[in-house]
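In what follows, a structure is listed as structure tokens, so that the remarks can point back to it.
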């Protein structure tokens, strides 16, 4: 987590925070497995969550909805699904319907 914190600090100083978020989302998309997903969320995604905008949250949900390695494993879901659900509701507001996304169930 220290590395992503450092990278975030550097990205903010270079006005490239969105590039770092895009990299993190791509990393999640390409590297997640049932066992690695909680680690990727804890060390890469969650430290950046305060910088997520609506587009980032929707892209995260799309990645999650389309990757059974992320939403399908029940062993670790409790470590990241509630946090993602809460952030999505916070950023997207009352018009966001959790029930429409199988990854957030």
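Numbering (the numbering used here), first residue to last: 267 to 371. Ideal Cβ placement from N, Cα and C applies to all residues, glycine included.
Can you give me the C-alpha to C-alpha distance between residue 308 and residue 346, rounded to a whole angstrom? 8 Å
So, under 8 Å CB-CB, residue 270 and residue 313 are touching, yes? Tell me the CB distance rounded to an integer number of Å. 5 Å
Between residue 325 and residue 291, is the Cβ-Cβ spacing less than 7 Å? yes
Is the beta carbon of residue 336 sitting closer than 7 Å to the one on residue 298? yes
In three-state DSSP terms, what is residue 299? coil
Cα-Cα, which of 294, 322, 330 is closest to residue 369? 330
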